[in-house]
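A short write-up of the structure that comes next.
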Amino acid sequence: MPNNPSSSLGQVPVAVYSCTTSSTALSESEERGRHYADARHWHVAGVWSDSDPALPLAERPGWQAVTAALSAGMIRGVVVSGPAHVASDAAQFAALGVLLRDRGGFLADASNGTPARRTPGQARRRRDLADAASGWFTQTEAPEEGTS
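All residue numbers for the sequence shown refer to the working numbering, where the first residue is 46 and numbers rise by one.
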């Protein structure tokens with residue numbers, strides 16, 4: 046894995062993490078995490094998993110790799126397909142989110158769904174607003190001949 050996150054502006058490097066005993070559930074979990082990240086234009090810098098949910102989170106090799114990537118600055122966030130992959134209840138999940146935030150990262154729960162898709166008109170309007178705000182105007186009409 047590269048030392049530098051994606052150099053594209055606006056792309057947030059994240060890790061997708063899963064912990065489940067079933068290979069089918071693992072595949073579905075990773076897919077959900079990737080889809081969630083893609084919908085937000087986040088760069089998936091790595092995918093890690095563990096197969097023993099009974100093992101404490103801090104002792105799982107995959108989770109240790111995620112926290113090492115966060116500490117090294119390779120990722121800024123962790124996406125899980127559901128809180129049960131990293132916590133036993135909502136309070137523990139919230140506490141883990143605070144811990145990651147204190148380390149400069151974030152924790153995202155992909156089970157909350159994906160953002161609504163924008164229509165082409167909405168995307169164009171957002172682009173026009175961004176261009177106008179930056180002082181970068183596009184010319185939409187050609188000047189009439191004979192006028193100056």
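The C-beta atom is built at its ideal place from N, Cα and C for all residues, glycine as well.
For H88, write down the residues that DSSP places opposite it in a beta bridge. Answer by DSSP bridge pairing, in chain order: P58.
inquiry  = Does T69 pass the burial test, meaning 16 or more other C-beta atoms within 10 Å, or should it be called exposed?
reply    = The residue in question, T69, is exposed, as its Cβ has fewer than 16 Cβ neighbours within 10 Å.
Looking only at its chain, what residues have a beta carbon closer than 6 Å to the beta carbon of G86, apart from the 5 residues adjacent to it on each side? The sequence shown places His at residue 86, rather than the Gly named in the question. So no residue of the chain qualifies.
Discussion item. Considering just the uninterrupted stretch of the alpha helix (DSSP H) at G107, what are its terminal residues?
Written reply: Secondary structure note for G107: its alpha helix (DSSP H) is the uninterrupted segment 106-116.
According to the neighbour-count rule (16 or more other Cβ atoms, all chains shown, within 10 Å of its Cβ), is G150 buried or exposed? Per the 10 Å Cβ criterion, buried.
TODO: Kindly give me the distance between the Cβ atoms of R77 and A155, rounded to whole angstroms, as I take these residues to be in contact under 8 Å.
DONE: Contact flag correct, Cβ pair sits at about 5 Å.
| For G142, the three-state DSSP class (helix, strand or coil) | Judged by DSSP in its simplified three-state form, G142 adopts helix.
Item to check | Spatial neighbours of C64 in its chain, beta-carbon cut-off 6 Å, leaving aside the 5 residues before and after | outcome: Excluding residues up to 5 positions away in sequence, D95, P98, H130 lie with their Cβ nearer than 6 Å to the Cβ of C64 in the same chain.
What residue from L71, H80, V89, R148 has the CA that sits closest to A113's CA?
-> Out of L71, H80, V89, R148, R148 has the C-alpha closest to the C-alpha of A113.
* Asked: Between P106 and the ligand GTP, is the CB less than 7 Å from at least one heavy atom?
  -> Within the structure as shown, the ligand GTP is missing, as the structure has no ligands at all.
What are the partner residues of D195, as DSSP defines its beta bridges? Since the displayed the chain opens at 46 and closes at 193, residue 195 lies outside it and no answer follows.
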